[in-house]
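Undergrad: For the sequence shown, the positions run 2 to 207 when my numbering is used.
Note that beta-carbon positions come from the ideal geometry of N, C-alpha and C, so glycine has one too.
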Amino acid sequence: MTTLIVTENLLFALGMRVILEENCPGAWVLETGTVKQATDLAMTNDINLLVLDITVNGGKDFSGIMKFRESNPGTFIIAWLGGDPRQVFPLLRIGVNGVFSNKAKLEEIRTGLKVCEPKTRFVSNDLQQILLAHLIPSYQENEMTARERLIADLLAENKSRFEIASIAGIKPNSVGFYKRKIYGKLGVKNVVELNVSLNKLAVARH
Numbered sequence: 002m003t004t005l006i007v008t009e010n011l012l013f014a015l016g017m018r019v020i021l022e023e024n025c026p027g028a029w030v031l032e033t034g035t036v037k038q039a040t041d042l043a044m045t046n047d048i049n050l051l052v053l054d055i056t057v058n059g060g061k062d063f064s065g066i067m068k069f070r071e072s073n074p075g076t077f078i079i080a081w082l083g084g085d086p087r088q089v090f091p092l093l094r095i096g097v098n099g100v101f102s103n104k105a106k107l108e109e110i111r112t113g114l115k116v117c118e119p120k121t122r123f124v125s126n127d128l129q130q131i132l133l134a135h136l137i138p139s140y141q142e143n144e145m146t147a148r149e150r151l152i153a154d155l156l157a158e159n160k161s162r163f164e165i166a167s168i169a170g171i172k173p174n175s176v177g178f179y180k181r182k183i184y185g186k187l188g189v190k191n192v193v194e195l196n197v198s199l200n201k202l203a204v205a206r207h
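The following block contains the structure:
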C-alpha cells in the first residue's frame, strides 16, 4: 500500500509513520508539504491512502482537495483537522472519507487507517458528537424540490441571477422568488448560512 502524508508538521508526520508501520507493515510512505504537490505526485504514483493535515499551505483550499479527489477516485482520504472541527462539514461534502481532530484517541486513528476503503466513512468520536448536535433533520431537504435543491447549490456558489436562470431553466426574475422560498425552508438568512445548511444536509445523506 502506498500512503502519502501531506503535512509541514514534523511531529505529525512522525506520529503517522509510527501508526502506519504498526497497522500496515511494509507500506510505502511518501511525504509532501502541499495539496498541489500531492496532486502532482499522484500523477506518477498510485496513492492508496492520503493523510491530509489541513493546517498546511492550501489545506483548506477545498478546490485543490476536490481536484485531487477527481483525479484519484480510488484513494482513501483521511484529514486531520487539528483544533478546527468546523471544517468537518465541508470536508465530508467534497469527498474526504475520514476526519479526525487533535482530540481523537490513538485507537480511533488506528481504526480509521485500517478502513481504507474508498466508499467508506470514518469520523472520530468527538467529531461525531458535533455532527449529531448540529445536523439539520433530513425532512427539510425532502421538502425541497429537485429544482430548488439545484438552485440552492447555485446560490451557495454565488452564481449570478442570469446564470442560475439559465442552468435551472427558469426566468431571471423568478430567481428571487426561489431564493426566498429556499431560505425560508432552510431557515437561513444569507449565503454563509446557506452553505452551512447545505454542508450539513450533504453529511446527513451519508
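Count Cβ pairs between the region 79 to 97 and the region 36 to 47 that sit closer than 8 Å; are there 3 or more?
TA: Not touching, per the Cβ criterion.
Undergrad: Only counting runs of 4 or more residues, tell me where the alpha helix (DSSP H) segments fall wholly within the region 16 to 74, in order along the chain.
TA: Here the runs fully enclosed are 36 to 43 and 63 to 72.
Undergrad: Could you tell me how far apart the beta carbons of V52 and V7 are, in whole angstroms, since I believe they sit closer than 8 Å?
TA: Here residue 52 is taken as the residue at index 51 of the sequence shown, counted from 1. Here residue 7 is taken as the residue at index 6 of the sequence shown, counted from 1. That belief holds up - the Cβ atoms of V52 and V7 are roughly 7 Å apart, short of 8 Å.
Undergrad: Is any heavy atom in the ligand FMN found nearer than 6 Å to the beta carbon of I168?
TA: With respect to the ligand FMN, the structure offers nothing, as it holds no ligand at all.
Undergrad: I'd like to know whether the C-beta atoms of I95 and F63 end up nearer to each other than 7 Å.
TA: By 1-based counting over the sequence shown, the position of residue 95 is 94. By 1-based counting over the sequence shown, the position of residue 63 is 62. A contact, by the Cβ cut-off of 7 Å.
Undergrad: Just confirm the distance between the C-beta atoms of V61 and T40, as a whole number of angstroms; I'd bet it's less than 8 Å.
TA: For the purposes of this step, residue 61 is taken as the residue at position 60 of the sequence shown. For the purposes of this step, residue 40 is taken as the residue at position 39 of the sequence shown. Contrary to the premise, residue 61 reads as Lys rather than Val in this sequence. Not really, about 16 Å apart at Cβ, beyond 8 Å.
Undergrad: Please return the same chain residues whose Cβ sits closer than 8 Å to the Cβ of L11, not counting the five positions on each side in sequence.
TA: For the purposes of this step, residue 11 is taken as residue 10 along the sequence shown, with counting starting at 1. Contacts found: none.
Undergrad: Going by the CB atoms, is the gap between P26 and N200 shorter than 7 Å?
TA: To locate residue 200, count along the sequence shown from 1; it is residue 199. To locate residue 26, count along the sequence shown from 1; it is residue 25. No, they are not a contact pair.
Undergrad: Just how far apart, CA to CA, sit L5 and A166?
TA: Position 4 of the sequence shown, counted from the first residue, corresponds to residue 5. Position 165 of the sequence shown, counted from the first residue, corresponds to residue 166. Their Cα atoms are separated by approximately 42 Å.
Undergrad: Count Cβ pairs between the region 154 to 161 and the region 103 to 122 that sit closer than 8 Å; are there 3 or more?
TA: They do not touch, by the three-pair rule.
Undergrad: Helix, strand or coil, according to DSSP, for I95 in the structure here?
TA: Walking along the sequence shown from the start, residue 95 turns up at place 94. If DSSP states are grouped into helix, strand and coil, I95 belongs with coil.
Undergrad: Going by other Cβ atoms of all chains shown within 10 Å of its Cβ, with 16 needed for buried, is M44 buried or exposed?
TA: One-based indexing of the sequence shown puts residue 44 at position 43. By the neighbour-count rule (16 or more Cβ atoms within 10 Å), M44 is not buried but exposed.
Undergrad: Three-state secondary structure (DSSP) at I79?
TA: Mapped onto the sequence shown, residue 79 falls at position 78. Looking at I79 - three-state DSSP - the assignment turns out to be strand.
Undergrad: Rounding to the nearest angstrom, what Cα-Cα distance links G188 and V197 in this structure?
TA: Looking up residue 188 in the sequence shown gives position 187. Looking up residue 197 in the sequence shown gives position 196. The alpha-carbon atoms of G188 and V197 are separated by roughly 11 Å.
Undergrad: Is I171 helix, strand or coil when you go by DSSP?
TA: Numbered from 1 along the sequence shown, position 170 holds the residue referred to as residue 171. Correct three-state label for I171: coil.
Undergrad: For R70, which of D54, I48 and V89 has the nearest alpha-carbon?
TA: Indexing the sequence shown from 1 puts residue 70 at position 69. Of D54, I48 and V89, the residue nearest in Cα terms is I48.
Undergrad: In this structure, what does DSSP give as the bridge partners for L5?
TA: Residue 5 sits at position 4 when you count from the first residue of the sequence shown. Its beta-bridge partners are L31 and L51.
Undergrad: Determine the direct distance from the alpha carbon of I168 to that of I110, and round the result to whole angstroms.
TA: Residue numbering aside, residue 110 sits at position 109 when the sequence shown is read from its first letter. Residue numbering aside, residue 168 sits at position 167 when the sequence shown is read from its first letter. Rounded to whole angstroms, I110 to I168 spans 42 Å at the Cα level.
Undergrad: Using DSSP bridges, identify the partner residues of F101.
TA: As a working mapping, residue 101 is identified with position 100 in the sequence shown. BP columns for F101 point to W81.
Undergrad: Between P173, N159, Q130 and L50, which lies nearest to N24 when the distance is taken from Cα to Cα?
TA: Here residue 24 refers to the residue found at position 23 of the sequence shown. The shortest C-alpha separation from N24 is found at L50.
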